[in-house]
Amino acid sequence: MELNFDYRLEPTRDILFIDVKSFYATVECSQRGLDPLSTMLVVMSLADNTGNGLILASSPIAKKELGISNVTRADNLPDHPDLIKVPPRMNLYVKENMKLNDIFREYVADEDLLVYSIDESILDVTHSLNLFYPDKSESRYIKRRRLAGHIQKEVKEKLGLIVSVGIGDNPLLAKLALDNYSKHDDNFVAEIRYQDVPSKVWTIEDITDFWGIGSRMKRNLYNMGIDSIYQLAHSDVYKLKKRFGVMGTQLYYHANGIDRTILSEPAPEPKEKSYGNSQVLPKDYIRQNEIEIVVKEMAEQVAARIRRHGCLAQCVHLYVGTSMSESSKGFSHQMKVPATDSTKELVQYCLSIFRKYYKGQVIRHIGVTYSKLIYTRERQLNLFEEPEQQIADERLDLVIDKIRAKYGFTAIIHATSKLDGARSVARAGLVGGHDGGGSAGGLDGLDAKPSENKITLLQNDELSKKARWELRDNQNSWLELEEFN
Numbered sequence: 001m002e003l004n005f006d007y008r009l010e011p012t013r014d015i016l017f018i019d020v021k022s023f024y025a026t027v028e029c030s031q032r033g034l035d036p037l038s039t040m041l042v043v044m045s046l047a048d049n050t051g052n053g054l055i056l057a058s059s060p061i062a063k064k065e066l067g068i069s070n071v072t073r074a075d076n077l078p079d080h081p082d083l084i085k086v087p088p089r090m091n092l093y094v095k096e097n098m099k100l101n102d103i104f105r106e107y108v109a110d111e112d113l114l115v116y117s118i119d120e121s122i123l124d125v126t127h128s129l130n131l132f133y134p135d136k137s138e139s140r141y142i143k144r145r146r147l148a149g150h151i152q153k154e155v156k157e158k159l160g161l162i163v164s165v166g167i168g169d170n171p172l173l174a175k176l177a178l179d180n181y182s183k184h185d186d187n188f189v190a191e192i193r194y195q196d197v198p199s200k201v202w203t204i205e206d207i208t209d210f211w212g213i214g215s216r217m218k219r220n221l222y223n224m225g226i227d228s229i230y231q232l233a234h235s236d237v238y239k240l241k242k243r244f245g246v247m248g249t250q251l252y253y254h255a256n257g258i259d260r261t262i263l264s265e266p267a268p269e270p271k272e273k274s275y276g277n278s279q280v281l282p283k284d285y286i287r288q289n290e291i292e293i294v295v296k297e298m299a300e301q302v303a304a305r306i307r308r309h310g311c312l313a314q315c316v317h318l319y320v321g322t323s324m325s326e327s328s329k330g331f332s333h334q335m336k337v338p339a340t341d342s343t344k345e346l347v348q349y350c351l352s353i354f355r356k357y358y359k360g361q362v363i364r365h366i367g368v369t370y371s372k373l374i375y376t377r378e379r380q381l382n383l384f385e386e387p388e389q390q391i392a393d394e395r396l397d398l399v400i401d402k403i404r405a406k407y408g409f410t411a412i413i414h415a416t417s418k419l420d421g422a423r424s425v426a427r428a429g430l431v432g433g434h435d436g437g438g439s440a441g442g443l444d445g446l447d448a449k450p451s452e453n454k455i456t457l458l459q460n461d462e463l464s465k466k467a468r469w470e471l472r473d474n475q476n477s478w479l480e481l482e483e484f485n
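First residue of the sequence shown: 1, per full-length UniProt numbering; consecutive thereafter.
The following block contains the structure:
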């Protein structure tokens with residue numbers, strides 16, 4: 001079969017793309033001393049805002065025997081006498097991921113390790129192979145397969161986890177080997193070299209099984225007469241670029257097995273265009289004052305995020321979704337604002353939008369987003385407010401950020417966050433929206449370290465220099481606030 005590229009001119013690396021099979025479920029099996037490959041176990045979230053349990057992860061045998069996926073609802077879960085149901089422990093999974101990557105660092109330098117997700121990592125072992133296998137009579141292909149098996153064995157012995165490995169001449173080929181072929185191998189190891197592109201890449205049956213192609217892109221490609229990786233690899237690259245921009249060019253090269261990424265030479269991180277957060281509420285919210293508490297909490301949380309990233313917002317967007325029982329629609333509106341990172345100002349902007357468009361609907365979903373970001377620490381003072389007060393508000397924001405960074409998000413909260421309807425304290429214990437046992441995954445960008453330290457901001461919930469403070473066993477934070485005052 002005719003090739004479109006001379007692969008001898010392409011960089012050849014030794015890449016291991018490693019994935020933990022059914023990570024959450026495997027960790028739970030390991031913690032219980034059970035075999036992850038023969039134990040029927042599901043990790044099931046029972047978050048109060050879903051109204052129903054959701055399967056987050058299933059052991060391989062549970063998927064096979066029960067015919068379930070990781071998006072199955074609890075009420076669709078078949079009964080089985082051997083089935084073990086466990087709640088998620090997100091902090092545990094994060095800790096196990098850290099242990100896993102510590103093992104990987106025994107085989108590669110930090111710059112040759114990329115943590116791709118909580119259950120996947122990419123290792124460039126190009127410089128490590130000869131260190132572990134100095135025998136010059138062995139080819140690099142034999143050595144990297146041996147190293148993959150050695151890593152699998154160590155992970156199993158130390159953590160009780162089962163990992164699959166995709167091996168490739170570049171990260172793309174390793175990922176395709178992992179996703180499409182390792183699951184069918186007895187040892188959970190698969191390999192794709194440049195020479196295998198026609199037989200292993202162009203023949204991938206479903207185009208959505210290819211890295212970077214989802215259902216929407218599949219439809220777009222189909223409208224261009226492309227419904228296979230082979231056709232994509234032999235398309236007109238200029239037409240692809242015209243239709244999809246730089247993404248079209250990337251698709252063409254990827255379909256031909258070309259990926260010139262070097263892990264130790266990371267691409268510059270693009271600056272975010274917006275920061276936001278949204279949540280599904282645990283119940284229908286009817287009272288306006290309770291809804292406003294949640295809006296204020298979310299406005300404050302996102303304000304802390306943009307300060308952490310060193311930017312000012314020039315646009316505030318508020319989304320409010322209604323309950324399924326509500327006949328009226330929700331709303332989604334935004335407003336341009338003077339560049340700011342002030343919690344006090346951003347809270348007022350969000351409340352202004354809410355009060356303008358809220359018509360008494362029953363609410364179940366709220367989202368806050370700040371956009372049109374300027375990456376600068378310099379602020380222009382508002383001519384209509386006292387400069388001393390603006391400076392004091394800014395200093396107070398920074399002090400609160402500092403306290404939360406040191407002691408956790410719940411170390412200092414508004415008094416309204418203890419009222420009915422408030423969500424920030426409850427969400428501080430979530431990771432990725434699920435039970436984490438003390439992390440602030442539900443408050444993205446903030447840490448909620450378990451702590452006895454509690455400070456509650458009083459005086460009508462206003463962020464001002466004159467606010468009174470209730471102190472509970474937190475002398476260090478008290479000193480910081482005294483310094484501020």
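Backbone N, C-alpha and C define an ideal beta-carbon position, used for all residues, glycine too.
Buried versus exposed call for Met-335 [16 or more other C-beta atoms within 10 Å across all chains shown]: Along the sequence shown, one-based indexing puts residue 335 at 335. Exposed, because fewer than 16 other Cβ atoms sit within 10 Å of the Cβ of Met-335.
Proximity of Val-165 and Ser-182 at Cβ, strictly below 8 Å: In the sequence shown, residue 165 corresponds to position 165, counting from 1. In the sequence shown, residue 182 corresponds to position 182, counting from 1. In this structure, Ser-182 lies closer than 8 Å to Val-165 by Cβ.
Buried or exposed (CB count within 10 angstroms, at least 16 for buried), Ser-424: By 1-based counting over the sequence shown, the position of residue 424 is 424. Residue burial is scored here from C-beta neighbours: Ser-424 has at least 16 other C-beta atoms within 10 angstroms and is therefore classed as buried.
Burial state of Asp-169 (16 or more Cβ within 10 Å): Here residue 169 corresponds to residue number 169 of the sequence shown, with the count starting at 1. Per the 10 Å Cβ criterion, buried.
Segment contact, 8 Å Cβ cut-off, at least three pairs: the segment 54-68 with the segment 140-159: no
For Arg-73: DSSP bridge partner residues: Locating residue 73 in the sequence shown gives position 73, where the first residue counts as 1. DSSP lists Leu-54 as partners of Arg-73.
Stretch-stretch touch, CB-based, cutoff 8 Å, three pairs: the segment 249-260 with the segment 281-301: no
C-alpha distance - Tyr-24 paired with Arg-89, whole-angstrom precision: Here the question's residue 24 lines up with position 24 in the sequence shown. Here the question's residue 89 lines up with position 89 in the sequence shown. Approximately 8 Å, taken between the alpha carbons.
Continuous alpha helix (DSSP H) stretch holding His-150: start and end: In the sequence shown, the residue the question calls residue 150 occupies position 150. Element bounds for His-150: 140-159.
Rounded straight-line distance, which links the Cα of Ile-207 to that of Asp-82: Counted from its first residue, the sequence shown places residue 82 at position 82. Counted from its first residue, the sequence shown places residue 207 at position 207. Cα-Cα distance, rounded: 37 Å.
Exposure of Ile-122, with buried meaning 16 or more beta-carbon neighbours within 10 Å: On the sequence shown, residue 122 is found 122 positions in, with the first residue counted as 1. Per the 10 Å Cβ criterion, buried.
Proximity winner among Arg-307, Val-362, Tyr-319, relative to Thr-343 (alpha-carbon distances): The count along the sequence shown starts at 1 and reaches residue 343 at position 343. The option with the nearest alpha carbon to Thr-343 is Arg-307.
Element boundaries [alpha helix (DSSP H), containing Asp-102]: In the sequence shown, the residue the question calls residue 102 occupies position 102. Counting along the chain, the alpha helix (DSSP H) containing Asp-102 begins and ends at 90-104.
Helix, strand or coil at Ile-306 according to DSSP, with G and I counted as helix: For this step, residue 306 is matched to residue 306 along the sequence shown. Looking at Ile-306 - three-state DSSP - the assignment turns out to be helix.
Residues of its chain near Trp-211, where Cβ-Cβ distance is below 8 Å and the 5 sequence neighbours each way are ignored: For the purposes of this step, residue 211 is taken as the residue at position 211 of the sequence shown. Result list for Trp-211: Leu-172, Lys-175, Leu-176, Asp-179, His-254, in chain order.
Given Val-108 as reference, the closest of Leu-263, Lys-239, Met-224 once Cα atoms are compared: For the purposes of this step, residue 108 is identified with residue 108 of the sequence shown, where counting begins at 1. Its Cα nearest to that of Val-108, the residue Leu-263 stands out among Leu-263, Lys-239, Met-224.
Simplified DSSP assignment, three categories, for Thr-203: The residue labelled residue 203 in the question sits at position 203 within the sequence shown. In the three-state reduction of the DSSP assignment, Thr-203 falls in the coil class.
Sequence-distant residues of the same chain with beta carbon closer than 7 Å to Phe-331, five excluded per side: The count along the sequence shown starts at 1 and reaches residue 331 at position 331. Once the five neighbours on either side are set aside, the close Cβ partners of Phe-331 are Val-320, Tyr-357.
Span of the alpha helix (DSSP H) around Arg-243: Start at 1 with the first residue of the sequence shown, and residue 243 comes out as number 243. First-last of the alpha helix (DSSP H) with Arg-243: 237-244.
For Leu-9, the nearest candidate out of Val-125, Tyr-194, Asp-79 (CA to CA): For the purposes of this step, residue 9 is identified with residue 9 of the sequence shown, where counting begins at 1. Selected option, being the one with the closest Cα: Tyr-194.
C-beta atoms of Leu-346 and Glu-272 nearer than 8 Å: Counting from one through the sequence shown, the residue named residue 346 turns up at place 346. Counting from one through the sequence shown, the residue named residue 272 turns up at place 272. No, Cβ-Cβ distance for Leu-346 and Glu-272 is not below 8 Å.
For Asp-119, three-class secondary structure by DSSP: In the sequence shown, the residue the question calls residue 119 occupies position 119. The answer is coil: DSSP assigns Asp-119 none of H, G, I, E or B.
Check: Ala-233 C-beta below 7 Å from any heavy atom of the ligand SAM: Questions concerning the ligand SAM fall outside what the structure shown contains, since it holds no ligand whatsoever.
Exposure label - Leu-232; buried when at least 16 CB within 10 Å: Counting from 1 along the sequence shown, the entry for residue 232 is found at position 232. Leu-232 should be labelled buried.
Every unbroken beta strand (DSSP E) within the segment 255-336, with a cutoff of 3 residues, ordered by chain: 274-285, 313-322
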